[in-house]
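Visitor: A single structure is presented below for examination.
2 protein chains.
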Amino acid sequence: MAKKMVYLFNEVKGGNTTENIILLGNKGAQLAEMTFIGLPVPPGFTITTEACTAFYGKGKKWPPGLESQVRKKLEHLQRKMGKKLGNPKSPLFLSVRSGSYVSMPGMMDTVLNLGMNDESVVALAKQTGNERGAWDSYRRFIQMFGDVVMGLEHSDFEVVLDGVKKKHGARYDTDLNTENMREVVKEYKKLVKEKKGVSFPTNPWKQLRMSIDAVFNSWNIPRAVKYRKINNLRDDAGTGVNVQVMVFGNLGWDSGTGVGFTRNPSTGTKEHYGEYLLNAQGEDVVAGIRTPKHIDDLKKEMPGAYKGLVKIFGVLEKHYRDMQDFEFTVEKGKLYVLQTRTGKRTAQAAVKIAVDMVKEGLINRKTAVMRIKPEQLDQLLHKQIDPKAKKKEDAVAKGLPASPGAAVGKVVFTADKAVKMKEENEKEKVVLVRTETSPDDIEGMNAAEGILTARGGMTSHAAVVARGMGKCCVAGCEAISVDEKKGVFRIPDKDVTVKEGDLVSIDGSTGEVFLGQLGLIEPGISGEFGEMMKWVNGFKKLGVKANADTPHDSKISRKFGAEGIGLCRTEHMFFKPERIMAVREMILADTPDERKKALDKILPYQRNDFKGLFKVMSGMPIIIRLLDPPLHEFLPREENEIKELADHMGVSLQKIKDTIKGLEEFNPMLGFRGCRLGVKYPEINEMQVRAIFKAALDAKKEGYEPLPEIEVPLIGSVTEFVMIKEIIKRVAAEMRVRGKVKYKIGTMIEVPRAAITADEIAKEADFLSFGTNDLTQMGCGFSRDDAGKFLGIYVERGIYKRDPFQSIDQEGIGKLMKICIEKARKAKPGIEIGICGEHGGDPESVRFCHRLGLTDVSCSPYRVPIAKLSAAQAAIEDEKSGG
Amino acid sequence: MAKKMVYLFNEVKGGNTTENIILLGNKGAQLAEMTFIGLPVPPGFTITTEACTAFYGKGKKWPPGLESQVRKKLEHLQRKMGKKLGNPKSPLFLSVRSGSYVSMPGMMDTVLNLGMNDESVVALAKQTGNERGAWDSYRRFIQMFGDVVMGLEHSDFEVVLDGVKKKHGARYDTDLNTENMREVVKEYKKLVKEKKGVSFPTNPWKQLRMSIDAVFNSWNIPRAVKYRKINNLRDDAGTGVNVQVMVFGNLGWDSGTGVGFTRNPSTGTKEHYGEYLLNAQGEDVVAGIRTPKHIDDLKKEMPGAYKGLVKIFGVLEKHYRDMQDFEFTVEKGKLYVLQTRTGKRTAQAAVKIAVDMVKEGLINRKTAVMRIKPEQLDQLLHKQIDPKAKKKEDAVAKGLPASPGAAVGKVVFTADKAVKMKEENEKEKVVLVRTETSPDDIEGMNAAEGILTARGGMTSHAAVVARGMGKCCVAGCEAISVDEKKGVFRIPDKDVTVKEGDLVSIDGSTGEVFLGQLGLIEPGISGEFGEMMKWVNGFKKLGVKANADTPHDSKISRKFGAEGIGLCRTEHMFFKPERIMAVREMILADTPDERKKALDKILPYQRNDFKGLFKVMSGMPIIIRLLDPPLHEFLPREENEIKELADHMGVSLQKIKDTIKGLEEFNPMLGFRGCRLGVKYPEINEMQVRAIFKAALDAKKEGYEPLPEIEVPLIGSVTEFVMIKEIIKRVAAEMRVRGKVKYKIGTMIEVPRAAITADEIAKEADFLSFGTNDLTQMGCGFSRDDAGKFLGIYVERGIYKRDPFQSIDQEGIGKLMKICIEKARKAKPGIEIGICGEHGGDPESVRFCHRLGLTDVSCSPYRVPIAKLSAAQAAIEDEKSGG
């Protein structure tokens, strides 16, 4: 006797087991599972993947016994449904679908409405009372079967259809009446005959046989083979074939179709949710011609079906232990479930459902934590454009979603203007639009609701600063062309010109730009969110800190659960208007004495900045990075500003211009910055360190507990580090810090050379912190500001799996990090190693950091919960894999 | 009995042995050696280093027995010389010098003319007939003894001397007469009494005791301790003390002094060479007041001494087996040799002497090869400013010695002007002066004799290209300020303005800039040079190739012994005037088709370029690098050029400006270049590969043997490489190259990520080639164009041992190279790995490459012999150390 190659859905034992998935394919096992747990699935059977491989083994012939097994199961179906394939009174229709051990969406073939012929179409017309619909189904079947099974070109059918439409003056398919549809069917059959030399098969059994052949064959069509190659799937696995009875929701007012959610996917509330249409098919719900009703209405309209549905809600939740989104059809009062899957949900719903299910005893805390997509939490932390107000097609341009949230405001083109408008009217809302931003624009960015730039990538200045500020930003919006001087931006493609003062709305979560004012939704954090984060804190191993430069940001960081400041950039403090003049004096100084004099003016400001930080973060460590950017970033660019500076300092315009020219760099990324500034001008670091210690001593006196960790940027060699460390220790000794304030001295690892010589550096440093932005730039050899020209293609073509500025390039830069960590920990076991680049807030990167054994990550305050959740998930995954 | 602590020079057995060096110090052993081989060294004795350590063991007291031993040896000297310390008739004078086991130049103390007092000075005056001289010696002795032995400030003596000079209206020391000198001596003694409360010691024995004490003590003065720490020398070694009789060449016309060379240090000819002065002291020869005579004249003037000298020439050469430079003095007809050392020599002499000595059987070939400093060979390969014509103080500015050789010509400020002047008059010589050069300037640089730039370092564009061309270049000459528009450069410090057309002379070996026209010396390669290079080829293990882009450069490469082309940059070919327009069309193309059309215009040119190369280099491999620089380098900058291009292409000015703006980069180093161009625009590489294969097939047909090795630049990931490799293989298949032309496909390692993932890359590549310039830039995180702002300080302060762009940073980038090589060779054992950056011509880097196990290095054609010699020396060193 031949091996069993065909299984009725209800013959399969155990449902969705690995064994069944391999034997029946993923879809077959799912259908078996649904049947197994008692869902009213339309009956059907699955031909095993073994039959498929046997088919290939026999030179593409059905293996012995398959035909008789299929016939037997078909008869079973016909009996059960009281219908027969091709029967002119009560015809049965089938779907034939592929299904391998892993879902290969869209790769293999499907045939619907199998069983259509000149008789059954009449029966269907009668049953549905919709003659045109029946004939439309018929012509669709010929088209699908012709294309998938018989190998005709889809376009050939289109030509025929267009011909008929033209003949009758019809513009759309829907303009064709029943007669016209009949004509299409006739012409389609003619086409098949012409092209293939055979008649279109009207025998349903033949249709079925050919369809099963087609599914078998589709296992080895080029796109499927290629898909398997890319995704590393087995070529010898074969596909299962799922033959299932088609049920119709349009057989009258005792039929219908709908979608159900076991909980509310928007709010997460535990309630029956969904909608349906009577006397309709699935596509009618989607098409939106008729407005579906709420599922509660079904109670009155079809009490029996409703009762069945309520039972299904219970079965699904109990079995899947997650919110399910399922499709159902009622055929002549009988309820069928066609498909169920884990339902998509908003972030708010996701958190509520997970927490509720823990309380209900359905899942445990770890499962709940694993359920939330870290990225999704972002929704809970920023303003959004009201989905009701926003239509995709209204967007006039689309850039990169550089910093989440949304903003509405008047367009301004300079940072000064943004500041001025805000000063004149505190309630004024502006959107700063620039070709690109520079550190000069910080104040203006701060004053603006959001930032829109024409150039720059996800880690351009605008993007990084905006994310740090938690401000919405659309960057690299290449469709717009900004003319800052004229005070306009143009969108040539749309023939749109936007002037200063015009209102725009931007969505930093999608990159969309809209004209005018759209409604915004305020962020809301539900109580379950807090509960969830407590569990997260218990599971995670990685520390999570925030990048924050001001007391304001630090407050937000604490609010969002940061365990310290992982990066405080001191240079942002230099840009404030009352300080920038002194900074410029310092840069233009000819002698160390002059430089010190200028620095002395800055010192009190910095001291106050730091004191503010120490107060807010009392008891938590703050990594303070010494001055990092190249000096030219602090110098004026505009002629009038240069003039002003010259007048203020009493030096010639030419001298200032010469200094500016002298500081110009071909590759500022690779220029005179970071610790190089301190090596050449030790006075600068000395002032900063003095300010830090003074602030710490003051804060201590007032009862706070300051924990400064001074960080030296852009180290390439241990010698550089030691030089700056000596300055810090000398100042500490002069100020008698010991015994009063605990402090650490560490450094960043952002230059590849530092990673390679990390053993030497670790011996001298209290902590290391990866600056993965710069490490990626230098390690991969592309600047984040310029990479936009090719990085898109690079990601598209798989050279990098993801934009390496968004997610750590684990195969390259990650290896360099690994080398670094090994060297550092070998030289100084247990040394604290963190990461403070933008990657610290990227879930996948956080997981990678966990696996690397880092001590902590640091990210934008607004991403702290995301990083924490990712860290917890990584730890749970670790546990599972026994790590 | 006390241990023997004092050795007469002629008591020491074995001369300059390690044992003696440890016991007596380096200088003591040298003096023993000279005495031992029969040189008439003024007699003396050495106090052992053991005595010094015993001195410290006794709390800075002479160990028992030392005094009696010193007294005994002193008596021996007095007897031998027939003179006595402090004797008013025939006084003996001594020198007292330190000398540790390793020379610590200038670290410890020395006393000369010991024995001077009020009586001996009179005797010396009488003997020399130079009363003023005798008193001058006396006052010098007091000054030196006062400073070194008694611890007075050198400046205190200067104050006294200045006082006396002022009093007598003397401007220089030489204006003081005998009386004045006596007065100085008196005042000096007064000073000593005042400051130290004791009289200046007139007892010569006391002088000697105190001097020996001083030398012992100088072992532990801070600068000596620090020097030992830096140089890793032993603190417990102690110093020897060398006490030697002073001899005088100024005791009358039967006395004299001079310098001898055993061979001619300029030409290397084997002849007695040197000069002398009768009745004079060493300093008189140096001072240049009297003109010394040639050593041959001594034959007539002092036949006895001459005979002695001839004997010494023989002894020295036989013993030291190298050209010696020695000092001699004749005191009353008796010849003394004071010092001998290996003589400095010109490159020409170095080569000739080494080769001659092999022929004479004095040394073997390996020793000969080890004798030549690779760097020195440079002299043999470039034009030089005639040393007679050049005075250091005439230089009006000094920049970096960026490319060796010298140039004289008329100043021009644009590449176009340089080309134009050369076209108008082929014999015209111009020097191109620019703030900095860009690839646009290539043709102009080629037309010029030399290049002078105000900005940029040793590896700036100007420097790199000039070295490649073998053209003299002074780069980064910050003292000059270039105004290209006005056609002048200014040297504000010197108040000099140089206009277009003015003559200047520049020295690329020193960085000096001179006004006007200085004489030049043509390079000359003597026959011995060729012979030496044959030996070098026999010893070296590393292959040495040249970086050459043109048939002309390739010819030079072959002439200088290159074993192939290690780097042919294809982009230089793009700049020729007849091609640049097509290149610009290609860049401005909107579609692949347009781009191909433009590329088709360039193809024939490239094909001819390559064919020329294949012919010249027939039978040798040529690594051809695909297009590397960012596209914006090819676009015009000046308004009129942009206009011209717009007219030519029939597009709007705005479109071209937009393209130029769109291609602008913040960090061009890290931008859209290298293989990234090919990933985005495969057409470009395809054209280049087509041109290479077509040229190779053509050359093959004509009987040449082309060996192209196609190199993909700026790879960061193996996927990029494979993409370009597939293009190359496809074109090769289309052109049916197989079986006709052997070719390889390899890549550069210049991005740190490529080094880290070299195992993956090696599996796919036929060869790897380090681009250490870029690897250093990205690995260390500084651009070579910008690093000038701090790199000076970095090298000065020891953060880098040498400029990492000149010599590989072995401690950092070298480690990265090592990781790369290990990974690559593990994945593909024996894979060829070369280096083609500027470092390929730096001797120390070449040695490092040998140790790393690289296959070959590639450098400027003009540095091929230097690289070969370095490679040979590394191999010989390896053998010695048993490697």
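Residue numbers (the numbering used here), protein chains in the order written: chain E, 3 to 885; chain F, 3 to 885. Ideal placement from N, C-alpha and C gives every residue a C-beta, glycine not left out.
1. Please report the residue range of the alpha helix (DSSP H) in which F/VAL98 lies.
2. As an exercise, report each continuous alpha helix (DSSP H) stretch of at least 4 residues that is fully enclosed by the stretch 284-365 of chain E, in chain order.
3. If you reduce the DSSP assignment to three classes, tell me which class F/CYS479 lands in.
4. Give me the DSSP bridge partner(s) of F/ASN549.
5. Just tell me which of E/VAL432, E/GLU329, E/ALA449 has its CA closest to the CA of E/VAL506.
6. So the candidates are E/GLN341, E/VAL371, E/LYS302, E/ASN219; which of them puts its Cα closest to the Cα of E/LYS536?
7. Grouping DSSP H, G and I as helix and E and B as strand, with all else coil, what is F/ASN244?
8. Which runs of the beta strand (DSSP E) at least 3 residues long sit entirely within the stretch 392-450 of chain F? Give them in chain order.
9. Under 8 Å between beta-carbons, which chain E residues line up against F/ASP788? List them in chain order, please.
10. Since F/VAL421 and F/ASP327 are thought to touch, with beta carbons under 8 Å apart, how far apart are those beta carbons, to the nearest angstrom?
11. According to the Cβ coordinates, are F/ILE878 and F/LYS368 closer than 7 Å?
12. Just to confirm my understanding: we take F/LEU590, look at its own chain, exclude 5 residues before and 5 after, and list those with CB closer than 6 Å. What are they?
13. What residues match up with F/GLN386 in a beta bridge as DSSP calls it?
14. Considering only DSSP beta bridges, list what E/SER507 is partnered with.
15. So what does DSSP say about F/VAL538, is it helix, strand or coil?
16. Going by beta-carbon coordinates alone, are F/PHE415 and F/GLU486 separated by less than 7 Å?
17. Check whether the stretch 376-386 of chain F touches the stretch 292-299 of chain F, counting contact only when three or more Cβ pairs, one atom from each stretch, lie closer than 8 Å.
18. Alpha carbon to alpha carbon, how far is E/ALA829 from E/PRO845?
19. Where do the ends of the beta strand (DSSP E) carrying E/LYS746 lie?
20. Determine the direct distance from the alpha carbon of F/LEU569 to that of F/ARG893, and round the result to whole angstroms.
21. By Cβ distance below 6 Å, which residues in the same chain neighbour E/THR348 in space, the five residues on each side in sequence not counted?
22. Distance cutoff 7 Å, beta carbons only. Does F/LYS657 sit that close to anything in chain E?
23. Leaving out five residues on either side along the sequence, give the residues of the same chain with a beta carbon under 8 Å from the beta carbon of F/GLU704.
24. With a threshold of 16 other CB atoms inside 10 Å of the CB of E/HIS574, please say whether the residue is buried or exposed.
25. Would you say E/LEU818 reaches chain F, if we count a Cβ-Cβ gap shorter than 7 Å as a contact?
26. Figure out for me which residue from E/PHE95, E/LYS870, E/LEU854 has the closest Cα to the Cα of E/ALA136.
27. Please list, in chain order, the residues of the stretch 750-762 of chain F that have any C-beta partner in chain E closer than 7 Å.
28. For chain F, find out if any of its Cβ atoms is closer than 7 Å to the Cβ of E/ILE453; answer yes or no.
29. Is it buried or exposed, E/LEU818, if we count other Cβ atoms within 10 angstroms and call 16 or more buried?
30. Using a Cβ-Cβ cutoff of 8 Å, what residues of the stretch 703-724 of chain E are near chain F? List them in chain order.
31. With DSSP as the reference, please indicate the residues paired to E/CYS474 in a beta bridge.
32. Please go through the same chain and pick out, in chain order, the residues whose beta-carbon is closer than 8 Å to the beta-carbon of E/LYS91, but skip the five residues on each side of it.
33. Going by the DSSP bridge assignment, what does F/GLY783 pair with across the sheet?
34. Going by beta-carbon coordinates alone, are F/ARG678 and F/VAL733 separated by less than 7 Å?
35. If you draw a straight line from the C-alpha of F/GLN808 to the C-alpha of F/GLY101, how long is it?
36. For E/TYR864, which residues in chain F fall below 9 Å Cβ to Cβ?
Guide: The answer reads as follows:
1. Segment 96-101 is the beta strand (DSSP E) holding F/VAL98; no alpha helix (DSSP H) there.
2. Listed in chain order, they are 284-289, 300-303, 305-322, 349-361.
3. The answer is coil: DSSP assigns F/CYS479 none of H, G, I, E or B.
4. Residue pairing by DSSP places F/ASN549 opposite F/LEU569 in a beta bridge.
5. Ranking E/VAL432, E/GLU329, E/ALA449 by Cα distance to E/VAL506 puts E/VAL432 first.
6. The shortest C-alpha separation from E/LYS536 is found at E/VAL371.
7. In the structure shown, F/ASN244 adopts extended strand secondary structure according to DSSP, grouped into three states.
8. List check, beta strand (DSSP E) in window: 402-405, 408-414, 432-436.
9. Residues of chain E whose Cβ lies closer than 8 Å to the Cβ of F/ASP788 are, in chain order, GLU667, PHE668, ASN669, PRO670, LEU672, GLY673, PHE674.
10. About 48 Å separates the two Cβ atoms, so there is no contact after all.
11. Yes. Within cutoff.
12. Within the same chain, THR661 come within 6 Å of F/LEU590 by CB-CB distance, once the 5 residues on both sides are set aside.
13. Paired residue(s): F/ILE523.
14. Partner residues in the beta bridge of E/SER507, as assigned by DSSP, are E/VAL410, E/PHE516.
15. F/VAL538 carries a helical assignment under DSSP once its states are collapsed to helix, strand and coil.
16. With contacts defined as CB atoms closer than 7 Å, F/PHE415 and F/GLU486 qualify as a contacting pair.
17. No: the two stretches stay apart, fewer than three of their Cβ pairs being nearer than 8 Å.
18. Looking at the two C-alpha atoms, the distance is approximately 30 Å.
19. Per DSSP, E/LYS746 is one residue of the beta strand (DSSP E) stretching across 746-751.
20. Here chain F comprises residues numbered 3 to 885, so residue 893 of chain F is not present and cannot be evaluated.
21. Excluding sequence neighbours, E/THR348 sits near SER268.
22. No, its Cβ sits nowhere closer than 7 Å to a Cβ of chain E.
23. Short of 8 Å from the beta carbon of F/GLU704, and not among the five residues preceding or following it, lie these beta carbons of its own chain, in chain order: LYS617.
24. In this structure E/HIS574 is buried. Its beta-carbon is surrounded by 16 or more other beta-carbon atoms within 10 angstroms.
25. Chain F has a Cβ within less than 7 Å of the Cβ of E/LEU818.
26. The candidate whose alpha carbon is nearest that of E/ALA136 is E/PHE95.
27. Cβ contacts with chain E: VAL753, PRO754, ARG755, ILE758, THR759.
28. E/ILE453 does not count as touching chain F.
29. The Cβ neighbour count for E/LEU818, taken over all protein chains shown within 10 Å, is at least 16; the residue is labelled buried.
30. Shown in chain order are the members of the stretch 703-724 of chain E whose Cβ falls below 8 Å from a Cβ of chain F: LEU716, GLY718, SER719, THR721, GLU722.
31. Beta-bridge pairing links E/CYS474 to E/GLY452.
32. For E/LYS91, where only same-chain residues beyond five positions count, the Cβ hits under 8 Å are ALA125.
33. According to DSSP, F/GLY783 bridges with nothing at all.
34. No, Cβ-Cβ distance for F/ARG678 and F/VAL733 is not below 7 Å.
35. A direct Cα-Cα distance of roughly 35 Å separates F/GLN808 from F/GLY101.
36. Per Cβ cutoff of 9 Å: no residues; E/TYR864 is ~26 Å from chain F at best.
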